[in-house]
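In terms of our numbering, the sequence shown opens at residue 19 and continues consecutively.
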Amino acid sequence: MHDATEHTTPQQENSFHTYETHSIPWYVRAIWLGFWIGAVWYIAVFAIPMAKVFFE
19 MHDATEHTTP
29 QQENSFHTYE
39 THSIPWYVRA
49 IWLGFWIGAV
59 WYIAVFAIPM
69 AKVFFE
């Protein structure tokens, strides 16, 4: 049976890691902010009124 994993040194593995920074890009923050605004809007517009009718 052939071993599918390659045995590389840490220096060889490190050649594929080209991260430039640890900061989150602005567009990811914008998507995250949009998600939470949408979630709060959905809860306020749909979920709370449905809950009032459901639990009567």
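For glycine and all other residues, C-beta sits at the position ideal for the given N, C-alpha and C.
Note that the structure is a prediction, hence the values are computed from the model and not measured.
Tell me the residue span of the alpha helix (DSSP H) that contains residue i.
{"i": "Ala62", "result": "That residue, Ala62, is in no alpha helix (DSSP H); it is neither H nor E in DSSP."}
Return helix, strand or coil for residue i, following the three-state DSSP convention.
{"i": "Phe73", "result": "coil"}
{"i": "Pro28", "result": "helix"}
{"i": "Tyr37", "result": "coil"}
{"i": "Ile42", "result": "coil"}
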